[in-house]
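The next block holds one structure in the form of C-alpha cells; read it before the comments.
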Amino acid sequence: MEKVIEQKFYHPSAEVVANATVKDYESLYTYSIENREKFWGEQAETLQWYKKWDNVLDDSNPPFYKWFVGAKTNIIQNALDRHQNTAIRNKLALIWEGEPGDLRTFSYHALNREVCQFANVLKSMGVKKGDVVTIYMPQIPEQLFAMLACAKIGAAHSVVYGGFSHEALADRINDANSRVVITADGGFRRGKIVELKSVVNKAMELSPTMEICITVKRTGQDVYMENDRDYWYHDLKALPIAGYKCETEQMDSGDMLFLLYTSGSTGKPKALVHTHGGFSVYTSTTYRMVFDIKPEDRYWCAADPGWITGHSYIVYGPLMNGATIMLYEGAPNHPYPDRWWKMIDKYGINILYTSPTAIRGLMRFGESWPKRNDLSSLRLLGSVGEPINPEAWKWYHKYIGQERCPIMDTWWQTETGGFMISPLPITPLKPGSATKPFFGNEVAVVDDHGIDVKPGEEGSLVIKSPWPGMTAGVYNDPNRFVDTYWSKYKAQGWYFTGDSAKCDEDGYFWIIGRVDDVIKVSGYRLGTAEIESVMVSHPYVAEAAAIAVPHELKGNGIHIFVILKKGFDGSKELETEMVNFVAEHMGPIARPEEVKVVDSLPKTRSGKIMRRVLKARVLGLPEGDLSTLEE
Ligand code: PRX
Numbered sequence: 006m007e008k009v010i011e012q013k014f015y016h017p018s019a020e021v022v023a024n025a026t027v028k029d030y031e032s033l034y035t036y037s038i039e040n041r042e043k044f045w046g047e048q049a050e051t052l053q054w055y056k057k058w059d060n061v062l063d064d065s066n067p068p069f070y071k072w073f074v075g076a077k078t079n080i081i082q083n084a085l086d087r088h089q090n091t092a093i094r095n096k097l098a099l100i101w102e103g104e105p106g107d108l109r110t111f112s113y114h115a116l117n118r119e120v121c122q123f124a125n126v127l128k129s130m131g132v133k134k135g136d137v138v139t140i141y142m143p144q145i146p147e148q149l150f151a152m153l154a155c156a157k158i159g160a161a162h163s164v165v166y167g168g169f170s171h172e173a174l175a176d177r178i179n180d181a182n183s184r185v186v187i188t189a190d191g192g193f194r195r196g197k198i199v200e201l202k203s204v205v206n207k208a209m210e211l212s213p214t215m216e217i218c219i220t221v222k223r224t225g226q227d228v229y230m231e232n233d234r235d236y237w238y239h240d241l242k243a244l245p246i247a248g249y250k251c252e253t254e255q256m257d258s259g260d261m262l263f264l265l266y267t268s269g270s271t272g273k274p275k276a277l278v279h280t281h282g283g284f285s286v287y288t289s290t291t292y293r294m295v296f297d298i299k300p301e302d303r304y305w306c307a308a309d310p311g312w313i314t315g316h317s318y319i320v321y322g323p324l325m326n327g328a329t330i331m332l333y334e335g336a337p338n339h340p341y342p343d344r345w346w347k348m349i350d351k352y353g354i355n356i357l358y359t360s361p362t363a364i365r366g367l368m369r370f371g372e373s374w375p376k377r378n379d380l381s382s383l384r385l386l387g388s389v390g391e392p393i394n395p396e397a398w399k400w401y402h403k404y405i406g407q408e409r410c411p412i413m414d415t416w417w418q419t420e421t422g423g424f425m426i427s428p429l430p431i432t433p434l435k436p437g438s439a440t441k442p443f444f445g446n447e448v449a450v451v452d453d454h455g456i457d458v459k460p461g462e463e464g465s466l467v468i469k470s471p472w473p474g475m476t477a478g479v480y481n482d483p484n485r486f487v488d489t490y491w492s493k494y495k496a497q498g499w500y501f502t503g504d505s506a507k508c509d510e511d512g513y514f515w516i517i518g519r520v521d522d523v524i525k526v527s528g529y530r531l532g533t534a535e536i537e538s539v540m541v542s543h544p545y546v547a548e549a550a551a552i553a554v555p556h557e558l559k560g561n562g563i564h565i566f567v568i569l570k571k572g573f574d575g576s577k578e579l580e581t582e583m584v585n586f587v588a589e590h591m592g593p594i595a596r597p598e599e600v601k602v603v604d605s606l607p608k609t610r611s612g613k614i615m616r617r618v619l620k621a622r623v624l625g626l627p628e629g630d631l632s633t634l635e636e
C-alpha cells in the first residue's frame with residue numbers, strides 16, 4: 006500500500022462552505038475547550054429530556070465519569086417519540102433494499118409502530134429494564150426494530166455481528182447472562198444464504214442462561230425450532246399483546262443503553278457499556294455537525310448495524326436528527342460491481358459513509374462501474390475503521406465524489422461512542438489524515454512518558470479530557486477498564502487509545518495503526534489473544550502466535566505461526582486445514598491468510614512472544630534489536 010503522506014490541501018467548494026452548519030471551526034473549538042461543560046450542556050439542550058440534569062459532568066471519581074447526572078431520558082424519546090408530533094412523522098425514516106432486490110420503506114410513524122410492537126413482544130417474553138438481549142441478525146429492518154425496542158423498554162441490547170461463529174456468539178451470550186436472543190432464519194449475501202438460526206441453535210447448547218429465541222423469517226429456509234424455547238416473530242407479532250402503542254421507559258442518564266463486545270489486547274472480547282444520556286448527546290451532535298445533515302438528505306452508512314459504526318451512525322445519531330437512512334442487506338459487488346453505485350443513483354443518496362476496505366474492494370473493478378451511474382446526488386462522503394491510504398482516498402474523491410464531495414475521515418473507536426478526530430465539511434482536507442479533534446476533545450500524540458512528540462514524529466494517541474460519548478466501562482469488570490485504558494498514563498489521567506499516530510505542523514492527525522495486540526482486518530477488530538486461543542484448541546497445536554501483515558485489500562491480513570505437539574508433523578494439507586479451523590471456530594472474518602508450522606517461536610527471556618520479529622521475517626525486513634531474545 007502507498008505510504009506517501011501528501012501535504013496538499015483539498016479545499017471545500019464555496020457552495021459547501023455556504024451551506025455548512027459550522028462555519029468557523031477554530032473559534033467553536035476554543036470555546037468548547039474553555040467551556041467544556043457549558044458546550045455540552047448547550048448541545049444537550051437540543052434534545053428532549055423527561056427531566057434535565059443537575060450536573061453536566063461529575064468527574065469526582067475518574068476514570069468513571071458521569072454525564073448529565075440527575076437527568077431522566079431514553080434515547081428513544083429523541084430517536085422516535087419526539088418526531089411523532091412534528092412533520093418528521095411522515096418523513097421516510099428507513100429505505101431498505103434486500104440483496105435479491107426486495108424493497109421496504111418506513112416513515113417515522115411506521116417505524117414507531119414497528120418498534121412498539123417489537124417492544125410489546127419482548128415484554129410479553131418477560132424482558133424488563135436492565136436485562137441484556139442478544140441480537141444476531143442479518144441487515145434487515147427487524148434488526149433495527151429489535152435494537153430500538155430493547156432501548157425503549159430499558160433493556161440493553163448486545164448485538165453480535167452475524168459473521169461470528171456459534172462459539173463466539175455463546176461466549177458473548179454467557180458473559181452478558183443473556184436470557185433472550187433475537188435472530189433470523191438466515192440472510193442473503195453474495196447470492197447465497199447465510200445461516201443464522203442454526204448457528205444460534207448451536208450457541209444455545211453452550212449457553213445455560215439462554216431461555217428464549219425469537220426468529221424473524223427472512224429466507225424461508227427450514228430451521229429447527231424447539232417448543233417453549235423458539236418463537237417465530239411473525240407469530241408473536243400477530244397476537245393481541247403486540248399492540249402499536251408502548252410507553253417508553255424513563256431511564257437515568259447513566260443507565261445502560263447497550264453492550265458491545267470488542268477485542269482487546271488480552272483475553273476474551275470485552276463488553277463496553279454505553280449509556281442513554283451521554284451517548285445520545287454525543288452521537289446526535291457529532292452526526293449533525295460532521296455530516297451536516299439537512300432535512301431533505303438521504304444518508305447511507307454502509308457498515309453493519311452490528312458494529313459501533315452502525316449503532317452510532319446508522320441507528321441512533323441519524324434517527325435523533327430525523328434523517329432518512331438507507332440500509333442494504335448484501336454484498337457491494339452482487340450481482341455486479343456497481344450495486345452500490347446503482348443504489349445511490351436509484352434512491353438519490355446524498356451522503357455515503359463507508360470503510361477504506363470497501364473502497365479498495367470496489368476500486369479494483371475500475372471506474373467504469375461508477376461512471377455508468379448518476380452519482381450527482383452525492384454531497385458528502387465518509388470513511389471509518391482504518392487508515393485510508395491516499396490512493397484509495399483519491400479514487401473515492403475523484404470517481405465517487407466527483408471532486409465535489411469532501412471526505413469525512415472520522416477517527417474513533419467502540420470505546421469513544423462517536424467521532425473523536427474528524428473533519429467538518431468546511432475543513433481543508435489532506436488525503437489520509439483524519440484532520441482535527443472534534444469539539445470538546447483535547448487530543449495529543451505523546452511518548453511513553455506523556456511528553457508531546459515533535460510534529461511529524463510517531464507517538465501514542467491519547468485523549469486528555471472526558472467527553473459525553475465515552476464508554477461507561479467494561480461490563481462487570483471495572484479493573485479491566487482501568488488497566489486497559491487508564492493505566493498507561495495514570496499520572497496524567499489520560500485515556501490511551503491503543504493507536505499510534507503523528508500530528509503534523511498544521512495540527513492534522515495521521516493515524517498509523519494499533520500499537521497493542523489488536524489486528525484490524527478489513528476494518529474489523531480482532532485480538533491476537535483470541536485468535537491464538539482458537540488456534541491452540543486445535544488438537545495438534547501446542548503453541549501459536551498471530552500477527553498482522555499488511556494486505557492490499559483488507560489493510561491487514563492474519564498470519565499464524567504454530568508449534569505442533571510432539572508426534573505430529575507439519576504439511577501443506579495440515580496448514581490449510583488449520584486456516585479453515587480458525588475461520589470455522591471464530592467466524593469467516595478471522596480467516597487467516599496463512600498458518601505456518603515452525604519449530605520454535607522467538608521469545609523474550611520472560612517468555613513473551615516477539616511478534617515484531619515474526620513480522621519482520623514475513624516481510625523480509627531487518628529484525629531490529631534482538632538483545633532481549635531468549636537463547
Ligand atoms: O485503529 C483505529 C481504527 O479502528 C480502531 C477502533 O476500532 P473499532 O472499535 O472497531 O471501531 C471502528 C469504528 C469506529 C481505532 O483504534 N480506526 C477507526 N477509524 C479510523 C481508524 N484508523 C484510522 N483512521 C480512521 N478514520
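Under my numbering, think of the first position of the sequence shown as 6, with each following residue one higher.
For every residue, glycine included, the Cβ atom is placed at its ideal position computed from N, Cα and C.
* Asked: For P442, which beta-bridge partners are listed by DSSP?
  -> I426.
* Residue(s) in a DSSP beta bridge with R616 -> R616 is not bridged to any residue.
* Count the other CB atoms, across all protein chains shown, that sit within 10 Å of the CB of R109; report buried if there are 16 or more and exposed otherwise. => R109 counts as exposed, since fewer than 16 other C-beta atoms from the protein chains shown sit within 10 angstroms of its C-beta.
* In its own chain, which residues sit with a C-beta less than 6 Å from the C-beta of G103, not counting the 5 before and 5 after it? -> Contacts found: E334.
* Please go through the same chain and pick out, in chain order, the residues whose beta-carbon is closer than 7 Å to the beta-carbon of N182, but skip the five residues on each side of it. => Contacts found: V137 and T214.
* Asked: Which residues share a DSSP beta bridge with G62?
  -> Reading off the sequence, residue 62 comes out as Leu, not Gly. For L62, which the question treats as bridged, DSSP gives the partners W72.
* Proximity below 8 Å, CB of S317 to CB of G437 -> No, these two residues do not count as a Cβ contact at 8 Å.
* F44, buried or exposed, once every other Cβ within 10 Å from all chains shown has been counted against 16 -> Under this definition F44 is a buried residue.
* Which residues in the same chain have their Cβ closer than 8 Å to the Cβ of G248, if we skip the five residues on either side of it in sequence? -> If the five residues before and after G248 are omitted, its C-beta is found closer than 8 Å to the C-beta atoms of C121, Q122 and N125, all from its own chain and listed in chain order.
* For the ligand PRX, is there a heavy atom less than 7 Å away from the beta-carbon of A645? -> Absent from the structure is residue 645, since the part of the chain shown begins at 6 and ends at 636.
* Three-state secondary structure assigned by DSSP to P555 -> Strand, per DSSP.
* **N-terminal and C-terminal residue of the beta strand (DSSP E) that F501 is part of** => Secondary structure note for F501: its beta strand (DSSP E) is the uninterrupted segment Y500 to C508.
* Tell me whether I456 is buried or exposed, calling it buried when 16 or more other Cβ atoms sit within 10 Å of its Cβ. => Counting Cβ neighbours within 10 Å, I456 comes out exposed, since fewer than 16 surround it.
* Asked: How about V389: is its Cβ closer than 7 Å to a heavy atom in the ligand PRX?
  -> A distance criterion of 7 Å places the beta-carbon of V389 in contact range of the ligand PRX, judged by its closest non-hydrogen atom.
* C-alpha gap between L52 and R530, whole angstroms -> Each residue's Cα considered, the two are about 32 Å apart.
* To do: Can you grab the Cα-Cα spacing for the pair I298 / M261, in whole Å?
  => CA-to-CA, the gap between I298 and M261 works out to about 27 Å.
* Status (buried if at least 16 other CB within 10 Å, exposed otherwise) for E50 -> An exposed status is given to E50, since fewer than 16 other beta-carbon atoms sit within 10 Å of its beta-carbon.
* T91: beta carbon under 7 Å from a heavy atom of the ligand PRX? -> If you check the C-beta of T91 against the ligand PRX, you find no heavy atom less than 7 Å away.
* From H564 to I552, what distance separates their C-alpha atoms? -> A direct Cα-to-Cα measurement between H564 and I552 gives close to 5 Å.
* Could you pull out every residue in the same chain whose Cβ sits closer than 8 Å to the Cβ of H402, ignoring the five residues on either side in sequence? => Counting only residues of its own chain and dropping the five nearest sequence neighbours on each side, H402 has a CB closer than 8 Å to the CB of Y15, L386, E408, C410, I412 and P436.
* To do: Using three-state DSSP, classify F296 as helix, strand or coil.
  => In the structure shown, F296 sits in coil (DSSP, three-state: anything other than H, G, I, E or B).
* Bridge partners of Y358, per DSSP? -> Answer is C306 and G387.
* Taking buried to mean at least 16 other C-beta atoms within 10 Å of its own C-beta, is P647 buried or exposed? -> Because the chain spans 6 through 636 in this model, residue 647 falls outside it and cannot be assessed.
* How big is the Cα-Cα spacing for P392 and M348? -> Cα atoms of P392 and M348: separation of roughly 26 Å, rounded to the nearest angstrom.
* Asked: What are the partner residues of M413, as DSSP defines its beta bridges?
  -> M413 pairs with G387.
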